[in-house]
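S.K.:
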Amino acid sequence: MLVKKIWRTLPLRYRGKILGKVKSTSLGQRALRLAGSGVYSKEVLDSGLVFIHVPKVAGTSVVKGLYGIDGIGHFTAEEVCKGLGRRRKEIELIALTRCPWERAISIYEFVKGGGTDKVPFINSAGFKIPNTFQEFAQNFLKEYTEDQLSDVFKTQCNFICDSRNQLIVDKIFKLTELDKMKVYAEQKLQEDINIPFSNKTVRRKKMWDYYNDEKTIVGIENFYSRDIKKFGYERPF
1 MLVKKIWRTL PLRYRGKILG KVKSTSLGQR ALRLAGSGVY SKEVLDSGLV
51 FIHVPKVAGT SVVKGLYGID GIGHFTAEEV CKGLGRRRKE IELIALTRCP
101 WERAISIYEF VKGGGTDKVP FINSAGFKIP NTFQEFAQNF LKEYTEDQLS
151 DVFKTQCNFI CDSRNQLIVD KIFKLTELDK MKVYAEQKLQ EDINIPFSNK
201 TVRRKKMWDY YNDEKTIVGI ENFYSRDIKK FGYERPF
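Each residue of the sequence shown is one higher than the one before, counting from 1 in the UniProt record's numbering.
#1: If L49 and E92 are in contact, beta carbons under 8 Å, what's the gap, nearest whole angstrom?
#2: Could you tell me which of C161, E135, T97, I168 sits nearest to K215, measuring between CA atoms?
#3: Closest to S47 by C-alpha separation, out of P55, V63, V54, E221, would be which residue?
#4: Any contact between the segment 91–108 and the segment 222–230? By contact I mean 3 or more CB pairs, one from each, below 8 Å.
#5: Let me know the secondary structure DSSP gives E143 once reduced to three states.
#6: Tell me the rounded alpha-carbon separation between Y108 and T60.
#7: From what residue to what residue does the beta strand (DSSP E) around F173 run?
#8: Anyone know if the C-beta pair for N158 and T76 falls short of 8 Å?
#9: Nearest to Y144 by CA position, among I160, L96, G126, is which residue?
#10: Which of helix, strand or coil does DSSP assign to G115?
#11: Grab the span of the beta strand (DSSP E) containing A95 for me, first residue to last.
#12: Exposed or buried, which one is E43 when buried takes at least 16 other CB atoms within 10 Å?
#13: Hey, V57 and L175: beta-carbon distance below 8 Å or not?
#14: Between the alpha carbons of P236 and M181, how many angstroms are there, rounded?
#15: For the putative contact between I193 and L178, defined by C-beta atoms under 8 Å, what is the C-beta separation to the nearest angstrom?
Listed below in structure tokens is the structure:
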């Protein structure tokens with residue numbers, strides 16, 4: 001198929017950029033299926049286990065470990081279910097969640113630094129990224145709604161829950177349970193897997209240096225309240 005042949009000629013770094021920019025339209029989903037890319041690649045579908053890649057939750061490393069490929073794009077479980085159609089019954093969806101306070105730091109450092117070498121942050125909406133994490137928590141996240149922001153900023157619930165905030169993935173693990181997820185995946189795939197940490201955002205300070213006042217803590221808690229309540233997270237400090 002011509003679309004698939006063209007896709008395979010593209011360098012991996014360009015495939016990643018394209019996957020990151022494809023939106024959840026029926027046309028975008030169809031294009032990915034035709035190209036056999038992203039969550040619809042042969043490596044992913046043949047495994048019978050689809051990993052929902054929530055931004056800044058070690059997803060790049062997990063995808064590499066599970067499928068041996070560099071990326072599958074940030075698609076919600078709802079989008080993937082629609083794209084799979086009848087095949088959804090044959091495939092299990094899994095996901096990782098992360099402590100919202102830690103994830104917020106990773107998100108901020110990622111966008112502030114323009115992303116990483118492998119995955120650049122493309123600020124297509126032209127947001128002015130605050131100079132400090134405190135401004136980010138207290139003002140930036142208060143100024144915008146989740147729908148107005150790029151995927152990287154969005155709640156984890158946005159990716160693994162439906163519009164009623166009900167889980168639609170078959171199994172979730174916390175990032176602190178990565179070893180358990182690895183064992184679970186190995187049992188499902190019936191093979192050993194190795195999860196190398198890649199695309200890791202560098203934290204410039206210790207956690208309490210980011211959360212050095214109550215307003216900053218509350219700012220993060222207000223924006224990511226769905227994640228805190230849904231996945232039972234508590235303040236880590």
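Positions of the beta carbon are idealized from the N, C-alpha and C atoms, including for glycine.
M.R.: Inspection of the coordinates gives the following:
#1: Sure, about 5 Å apart at Cβ, within 8 Å.
#2: For the residues C161, E135, T97, I168, the minimum Cα distance to K215 belongs to E135.
#3: Measuring C-alpha to C-alpha distances from S47 to each of P55, V63, V54, E221 identifies V63 as the nearest.
#4: Verdict: yes, contact present.
#5: In the three-state reduction of the DSSP assignment, E143 falls in the helix class.
#6: C-alpha separation (whole angstroms): 18 Å.
#7: Per DSSP, F173 is one residue of the beta strand (DSSP E) stretching across 171–174.
#8: Going by C-beta atoms, N158 is nearer than 8 Å to T76.
#9: For the options I160, L96, G126, the alpha carbon positioned closest to that of Y144 is the one of G126.
#10: Note: G115 maps to strand in three-state DSSP.
#11: Going by DSSP, A95 is part of the beta strand (DSSP E) stretching over 92–97.
#12: Burial call: exposed.
#13: Yes, these two residues count as a Cβ contact at 8 Å.
#14: In a straight line, the C-alpha of P236 is about 22 Å away from that of M181.
#15: So it is not a contact: roughly 11 Å between Cβ atoms.
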